[in-house]
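Some notes on the structure that comes next.
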Amino acid sequence: MLASGFTNAPVSQVLVFGVVASSILATITDTKYYFPILVDLHLWRYGQFWRLLTWQLCYTNSTEVLFAAMTFYNLRSIERLWGSRKFVSFLLSTLPYTTLLPPILLACVLRPLTFGRLSYLPAGPTPLVFALLAQYHAAIPHIYRYRVLASAPESSAASTTASSPALTLTSKSLSYLLPAQLALSQLPGSILPAVRGGGYLGG
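Count along the sequence shown from 1, then add 725; that gives the number in this note's numbering.
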């Protein structure tokens, strides 16, 4: 667990460099507009159902690329815990669910329920990130806990801990900040892939 870099995590290395390389390639070739899904335009009007299979191939802005690459790097501990073979098996087993379910749910359920207001699905492997994050949450224990006080400390330490509201965090809390940025990056469409991926606890 204390190994540095990508030691014993070759698949995580492919994920990190793949996220960066795919975005750079899409920028160079000016093909970023092929990846997001706008249900009304791309699916219903033009019948571009191939987007259901390709929308996870790359992110379309540099901020999401950075957050996703750093998250995949942080989640390499899952590959070290399971081994590369089981890690790849998990990624492949989640791929049909993380790829097809978000756009289908958006097009057939959420869009009609919101009277067409929710119709955009941003590109990028956010469901895959959150599927791995769910495994990280379940499998990797925290090392320590700490409390963040919501007010200035008083003279007595005992009265501070008794009366001041505090937020209890763990050593893993900061690992959730980067994926949270992915989930909130292109609201409201970016929430759906995050929820779908985070709900996958099987495998």
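C-beta atoms are modelled at their ideal positions from N, C-alpha and C, and glycine is treated no differently. Here the structure is a predicted model, which means the values were calculated and not measured.
Own chain partners of residue i with C-beta closer than 7 Å, once the 5 adjacent residues on each side are dropped
i, result
"L740", "F797"
"A848", "F760, P761, W780, C783, Y784, T785"
"M795", "L903"
"Q911", "P847"
"K811", "none"
"A905", "none"
"V790", "V744, V745, S748, Y784"
Contacting residues, own chain, Cβ-Cβ under 8 Å from residue i (five flanking each side not counted)
i, result
"S787", "S748"
"V813", "V736"
"I916", "A908, L909"
"L894", "R870, Y871, R872, V873"
"F792", "L903, P904, Q906, L907, S910"
"G841", "D765"
"L830", "L917, R921"
Neighbourhood of residue i by C-beta distance below 6 Å, restricted to the same chain and skipping five residues each side
i, result
"A882", "The predicted position of A882 is uncertain, since its pLDDT is 49 and thus under 50; a value taken from the coordinates is nonetheless stated next. For A882, where only same-chain residues beyond five positions count, there are no Cβ hits under 6 Å."
"Y845", "L763, G914"
"A919", "T851, F855, A908"
"L800", "L857, Y861"
Buried or exposed by the 16-neighbour rule on C-beta atoms within 10 Å, applied to residue i
i, result
"L750", "exposed"
"S737", "buried"
"L892", "exposed"
"L907", "buried"
"L778", "exposed"
"I753", "exposed"
"P828", "buried"
"R836", "buried"
"S900", "buried"
"A864", "exposed"
"V873", "exposed"
"Y758", "exposed"
"L766", "exposed"
"V744", "buried"
"L853", "buried"
"V834", "exposed"
"L838", "exposed"
Among the options, nearest to residue i - alpha-carbon criterion
i, options, result
"T756", "P866, L766, R776, L843", "R776"
"G730", "S802, F774, L768, Q773", "S802"
"R770", "A832, P821, S910, A793", "A832"
"L825", "L766, F774, P890, V854", "F774"
"P866", "D765, F792, L768, L806", "L806"
"N733", "L917, S809, S898, F742", "S809"
"L820", "L857, G841, F840", "L857"
Proximity test, residue i beta-carbon vs the ligand FAD heavy atom, cut-off 7 Å
i, result
"P827", "You won't find the ligand FAD in this model; it holds no ligand whatsoever."
TODO: Entirely within the segment 745-787 and at least 3 residues each: give me those beta strand (DSSP E) ranges in chain order.
DONE: You should have found no qualifying run.
TODO: Return the chain-ordered ranges of every beta strand (DSSP E) run that is complete within the segment 810-894 and spans a minimum of 3 residues.
DONE: With a minimum length of 3 residues, the continuous beta strand (DSSP E) runs that stay inside the segment 810-894 are 870-874.
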